[in-house]
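**Q** In case it helps, the numbering used here puts the first sequence at residues 214 to 773. Virtual Cβ for every residue (Gly too), placed ideally from N, Cα, C. The structure presented is a predicted model; accordingly, all values stated were derived computationally and were not measured. Before anything else, here's the structure in question.
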Amino acid sequence: MFLQTHGPIRAIHSGNHIISLIKQGMQKPPNDTGGFPFQCFRQWQLQEHTYLCSMNTVRVRFAPSPTGGLHLGGVRTVLYNYLFARQQGGQFILRIEDTDQTRYVDGAEQYIMDCLQWCGLVPDESPVHGGEYGPYRQSERKTLYRRYADQLVAAGQAYYAFDTPEALDQLRETHKAAGNSFFYNHEVRMGLNNSLRLLPEETQALLDAGTPYVIRIKVPANEFVSFTDMIRGDIAFDTNTTDDKVLLKADGMPTYHLAVVVDDYLMKITHAFRGEEWLPSAPIHLLLWKYLFGFDHMPQWAHLPLILKPDGNGKLSKRDGDRLGFPVYAMDWKDPKTGDLTKGFRELGFLPQAFINLLAALGWNDGSGQEIFTIDELIEKFNMDRVHVSGAKFDFEKAKWYNQEWIRKQPVAEWQSLVHQHLKEQGLVVPNDNYLTRVLELVKERCTLLTDFYTQAGFFFQAPQQWDMDAVRPKWNEDKKAFFTELVAIFATMTGWENAAIEEAFKTLATAKNIKPGELQLPMRVMLVGGKFGPAVFEIAAMIGRAATIARVENMLGAL
RNA sequence: GCCGUGUUGGUCAAGGGGUUAAGACGCCUCCCUUUCACGGAGGAAUCACGGGUUCGAAUCCCGUACAUGGUACCA
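Laid out in structure tokens, this is it:
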């Protein structure tokens with residue numbers, strides 16, 4: 214059970230200092246109060262008790278905003294959530310964070326659902342699957358957040374701010390020009406246009422007049438907020454360095470900060486996994502958890518390492534993929550506004566199993582050296598304690614290697630239809646499934662991506678359109694031409710058309726003509742295949758049949 | 001700038017006081033194959049730097065450097 218490895222949250226309010234901690238297990242001696250006053254310890258014991266009684270089902274969530282394609286890092290977050298939920302017998306929830314109406318992109322939500330479907334990471338609860346804790350779209354919960362924001366204002370833990378975005382931008386710029394940064398915090402808020410500075414009547418008048426406003430959290434000065442991250446251990450923040458973040462925007466929508474806390478609470482989320490980029494705003498969330506819910510049922514946090522650009526530095530972005538020539542999105546994404554198409558792993562020929570596998574390894578390993586994992590193995594072996602702390606550069610070569618391993622690991626039948634589909638799209642006609650199976654079996658060692666099958670196996674379905682003449686011409690001569698002319702005649706009349714028989718005929722004639730068979734095999738290959746690649750020549754001849762073999766030989770003979 | 005988080009080969013990484021510092025990808029050499037792959041055998045690292053602690057430090061402590069994330073009425 215997760216409680217043994219990841220202990221409950223403790224929250225203590227000690228004087229002016231908020232101290233919250235999560236213990237790594239249940240082994241801390243009961244008389245060890247960690248130096249805190251006894252009454253504090255009592256309180257934390259109490260909270261630990263309620264926590265243990267009510268938190269019995271693991272519930273995790275993935276909360277993307279529908280702003281575009283689903284990034285590889287996003288899918289990895291889904292994966293870790295999913296693995297953890299399945300392993301603990303819990304639930305995996307998809308919640309759509311569509312609170313920014315200016316960034317909303319049509320079709321993005323459906324796209325996210327489709328990606329999860331393709332990856333096999335289907336949520337238990339979501340906008341389309343439903344569930345007891347809906348709605349699962351934050352835009353549909355809009356009214357709900359205001360209540361919590363109002364509660365905070367009433368308690369003096371948040372306030373109305375009437376400063377316009379323009380005014381704030383102006384402030385930021387002047388501060389920047391002066392060589393420092395502007396923070397909306399305890400030092401400056403009394404000089405700004407908000408309900409803290411204004412008289413109550415003044416505030417009310419502005420409100421009555423319909424003046425646009427936001428609600429900001431009032432971050433206390435001189436306090437310390439800390440928590441234990443499941444991956445990183447204890448992390449502490451000084452409230453003096455965190456600013457009064459907007460909780461409720463002028464359009465009435467909550468910001469991420471308010472929405473995550475409220476929704477995680479209402480949806481009974483037990484473990485919150487998200488990217489490392491969220492770490493700096495964790496103190497805001499901790500504070501909200503304290504103010505709104507007294508830390509009751511706060512999830513355990515885990516901040517996942519970033520996935521970095523392969524070259525240079527920084528977070529991997531879609532742009533890097535375009536620039537360096539590899540996919541970043543799970544599936545093709547077509548921007549509805551610009552019409553731009555961004556290639557996805559799926560369309561580039563990745564097997565979902567391989568995609569999942571490589572993502573799992575991008576930030577975690579089980580320490581055994583094993584690299585290839587099925588989803589069931591991952592569910593069994595995945596462990597938050599072994600998730601890496603530091604970011605990893607994405608390596609597309611290694612990603613392809615995973616796919617190659619998966620192509621070889623699985624029976625052809627598992628992915629045959631995907632390749633079939635792809636070949637059809639390329640305009641090839643596959644005579645029957647049986648033939649396809651034999652072809653795929655023959656060439657699969659040479660393919661790293663599903664899309665490689667077109668070049669590696671296309672000649673089994675279609676005569677080469679062009680030949681690699683440079684491979685043949687330098688050593689071409691009349692003797693060889695005579696050899697192939699006679700060979701065609703023999704092919705036409707020989708009984709049977711098996712691999713061994715063809716080879717036999719070929720070699721017998723070569724010996725009779727006093728030419729080394731090896732010297733003739735390459736031209737033969739180019740005739741059948743078009744280039745210097747593919748499985749054994751006689752095997753190919755046997756597969757494509759007598760008529761096609763003869764036709765291809767004669768065809769190139771005429772061109773030489 | 002400020003705050004947070006990191007730093008083992010080109011990349012991903014194991015190892016967390018005494019090891020010849022695993023393994024994988026990629027690269028190079030050779031073998032197999034007179035194609036391309038697959039497969040096989042090899043090759044390449046003073047663990048960012050500087051101080052401590054210790055008989056002994058990649059491993060513990062403190063600094064420094066560098067990198068990265070955040071610093072929005074975006075998530």
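Ordered along the chain, which non-local residues of its own chain (more than five positions away) have a Cβ less than 6 Å from that of Ile430?
**A** Along the first sequence, one-based indexing puts residue 430 at 217. Cβ neighbours of Ile430 beyond the five flanking positions: Ala371, Asp457, Lys458 and Leu460.
**Q** For Tyr542, which three-state DSSP category applies?
**A** Looking up residue 542 in the first sequence gives position 329. Tyr542 falls in the strand class under three-state DSSP.
**Q** Note down the Cα distance separating Lys622 from Asp535, rounded to an integer number of angstroms.
**A** As a first step, residue 622 must be located in the first sequence, where it is residue number 409. As a first step, residue 535 must be located in the first sequence, where it is residue number 322. Each residue's Cα considered, the two are about 30 Å apart.
**Q** Whose C-alpha, out of Ala764, Asn647 and Ala567, is nearest the C-alpha of Ala612?
**A** Reading the first sequence from its first residue, position 399 is the one you call residue 612. That would be Ala567, whose Cα lies nearest to the Cα of Ala612.
**Q** Flag this pair as yes or no: are the beta carbons of Arg777 and Lys745 separated by less than 8 Å?
**A** Nothing about residue 777 can be read from this structure; the chain reaches only from 214 to 773.
**Q** Under a three-way DSSP split, which group does Lys637 fall into?
**A** Counting from 1 along the first sequence, the entry for residue 637 is found at position 424. Here Lys637 sits in helix by DSSP.
**Q** For Thr708, which three-state DSSP category applies?
**A** Taking the first residue of the first sequence as 1, we reach residue 708 at position 495. Coil at Thr708, not helix or strand.
**Q** Which residues does DSSP pair with Ser339 in a beta bridge?
**A** Residue numbering aside, residue 339 sits at position 126 when the first sequence is read from its first letter. For Ser339, which the question treats as bridged, DSSP gives the partners Gly343.
**Q** Report yes if the C-beta distance between Arg410 and Phe395 is below 8 Å; otherwise report no.
**A** Start at 1 with the first residue of the first sequence, and residue 410 comes out as number 197. Start at 1 with the first residue of the first sequence, and residue 395 comes out as number 182. No; because the gap between Cβ atoms is not below 8 Å, this pair is not in contact.
**Q** Pick helix, strand or coil for Met239, following the three-state DSSP scheme.
**A** As a first step, residue 239 must be located in the first sequence, where it is residue number 26. Reliability fails at Met239, whose pLDDT of 27 lies under 50, so the model's placement of it is uncertain and the value that follows must be treated cautiously. Coil at Met239, not helix or strand.
**Q** Could you compute how far the alpha carbon of Leu329 sits from the alpha carbon of Phe297?
**A** The residue given as residue 329 occupies position 116 in the first sequence. The residue given as residue 297 occupies position 84 in the first sequence. Rounded to whole angstroms, Leu329 to Phe297 spans 16 Å at the Cα level.
**Q** Of the residues Gly743, Phe697, Leu499 and Gly747, which one's Cα is nearest the Cα of Ala725?
**A** Here residue 725 refers to the residue found at position 512 when the first sequence is read from its first residue. Closest option to Ala725, Cα to Cα, is Phe697.
**Q** Tyr179 bridges to which residues according to DSSP?
**A** The structure shown does not extend to residue 179, since the chain is modelled only from 214 through 773, so no value can be given for it.
**Q** List in chain order: all unbroken alpha helix (DSSP H) runs of 4+ residues lying wholly within the region 669-755.
**A** Whole alpha helix (DSSP H) segments, 4+ residues: 691-706, 712-726 and 730-742.
**Q** Tell me the DSSP secondary structure of Arg487 in three-state form.
**A** Counting from 1 along the first sequence, the entry for residue 487 is found at position 274. Arg487 falls in the strand class under three-state DSSP.
**Q** Quick check: the Cα distance between Gly709 and Gln734, rounded to an integer number of angstroms?
**A** Indexing the first sequence from 1 puts residue 709 at position 496. Indexing the first sequence from 1 puts residue 734 at position 521. Going from the Cα of Gly709 to the Cα of Gln734 covers about 21 Å.
**Q** Excluding sequence positions up to five away, which residues of its chain have a Cβ less than 8 Å from the Cβ of Lys774?
**A** The shown model of the chain, from 214 to 773, leaves out residue 774, and the question about it has no answer.
**Q** By Cβ distance, which residues of its chain are closer than 6 Å to Glu310, with the 5 residues on each side in sequence left out?
**A** Counted from its first residue, the first sequence places residue 310 at position 97. Answer for Glu310: Ala276, Ser278 and Gln351, listed in chain order.
**Q** So who's on the other strand from Leu461, going by DSSP bridges?
**A** In the first sequence, counting from the first residue as 1, residue 461 sits at position 248. Answer by DSSP bridge pairing, in chain order: Ile428 and Pro467.
**Q** State the CB to CB distance for the pair Lys703 and Ala718, rounded to an integer number of angstroms; the pair is presumed to be in contact (CB under 8 Å).
**A** Position 490 of the first sequence, counted from the first residue, corresponds to residue 703. Position 505 of the first sequence, counted from the first residue, corresponds to residue 718. The question names Lys, but residue 703 in the sequence shown is Ile. Rounded, the Cβ-Cβ distance is 5 Å, consistent with contact.
**Q** Return the CA-CA distance between Leu517 and His388, expressed in angstroms with no decimal places.
**A** For the purposes of this step, residue 517 is taken as the residue at position 304 of the first sequence. For the purposes of this step, residue 388 is taken as the residue at position 175 of the first sequence. Near 33 Å, if we compare the C-alpha coordinates of His388 and Leu517.
**Q** Pull up the CB-CB distance for Arg316 and Thr280, whole angstroms please, since I reckon it's below 8 Å.
**A** Sequence index remark: in the first sequence, residue 316 carries index 103 (1-based). Sequence index remark: in the first sequence, residue 280 carries index 67 (1-based). Indeed, because the Cβ distance is near 5 Å, the residues count as touching under 8 Å.
**Q** How should Trp257 be labelled, buried or exposed, when 16 other C-beta atoms within 10 angstroms of its C-beta is the threshold for buried?
**A** The residue labelled residue 257 in the question sits at position 44 within the first sequence. Only weak support exists for where Trp257 lies, its pLDDT of 34 falling under 50; the coordinates are left without a value.
**Q** Going by other Cβ atoms of all chains shown within 10 Å of its Cβ, with 16 needed for buried, is Glu408 buried or exposed?
**A** Counted from its first residue, the first sequence places residue 408 at position 195. Checking the sequence shown, residue 408 turns out to be Ser, not Glu. Buried, by the Cβ-count rule.
**Q** Go ahead and pull the three-state DSSP assignment for Gly582.
**A** Here the question's residue 582 lines up with position 369 in the first sequence. Gly582 falls in the coil class under three-state DSSP.
**Q** With distance defined between alpha-carbon atoms, name the residue in Asp421, Val318 and Asp327 nearest to Leu307.
**A** Translated into the one-based positions of the first sequence, residue 307 becomes position 94. Per the Cα distances, Asp327.
**Q** Figure out for me which residue from Asp319, Arg532, Ala472 and Leu529 has the closest Cα to the Cα of Leu505.
**A** Position 292 of the first sequence, counted from the start, is the residue given in the question as residue 505. Of Asp319, Arg532, Ala472 and Leu529, the residue nearest in Cα terms is Ala472.
**Q** Are Phe672 and Gly747 closer than 8 Å when you measure CB to CB?
**A** In the first sequence, the residue the question calls residue 672 occupies position 459. In the first sequence, the residue the question calls residue 747 occupies position 534. A contact, by the Cβ cut-off of 8 Å.
**Q** For the alpha helix (DSSP H) that Gly771 lies in, which residues bound it at each end?
**A** As a working note, residue 771 is residue 558 in the first sequence. That run of the alpha helix (DSSP H) goes Arg759 to Ala772.
**Q** Give every residue of the same chain whose Cβ lies closer than 6 Å to the Cβ of Arg759, excluding the five residues on either side of it in the sequence, and list them in chain order.
**A** Counting from one through the first sequence, the residue named residue 759 turns up at place 546. Trp710.
**Q** Is it buried or exposed for Arg532, if we count other Cβ within 10 angstroms and need 16 for buried?
**A** As a working note, residue 532 is residue 319 in the first sequence. Classification of Arg532: exposed, given that the 10 Å Cβ count is below 16.
**Q** Are the CB atoms of Asn294 and Arg274 within a distance shorter than 8 Å?
**A** Here residue 274 refers to the residue found at position 61 when the first sequence is read from its first residue. Here residue 294 refers to the residue found at position 81 when the first sequence is read from its first residue. Yes.
**Q** When DSSP builds the beta bridges, which residues end up paired with Thr555?
**A** By one-based count along the first sequence, residue 555 stands at place 342. Trp546, per the DSSP bridge assignment.
**Q** Need the endpoints of the beta strand (DSSP E) that His399 sits in, please.
**A** On the first sequence, residue 399 is found 186 positions in, with the first residue counted as 1. Here His399 belongs to no beta strand (DSSP E), and DSSP marks it neither H nor E.
**Q** If I measure Cβ to Cβ from Thr762 and keep anything under 6 Å in the same chain, skipping five residues before and after, which residues do I get?
**A** The sequence position of residue 762 within the first sequence is 549, counting from 1. Excluding residues within five positions, the ones whose Cβ falls inside 6 Å are Ala754.
**Q** Once DSSP output is grouped into helix, strand and coil, what is the label at Gln260?
**A** Position 47 of the first sequence, counted from the start, is the residue given in the question as residue 260. Residue confidence for Gln260 is low, a pLDDT of 39 falling below 50, so the modelled location carries little weight and cannot support an answer.
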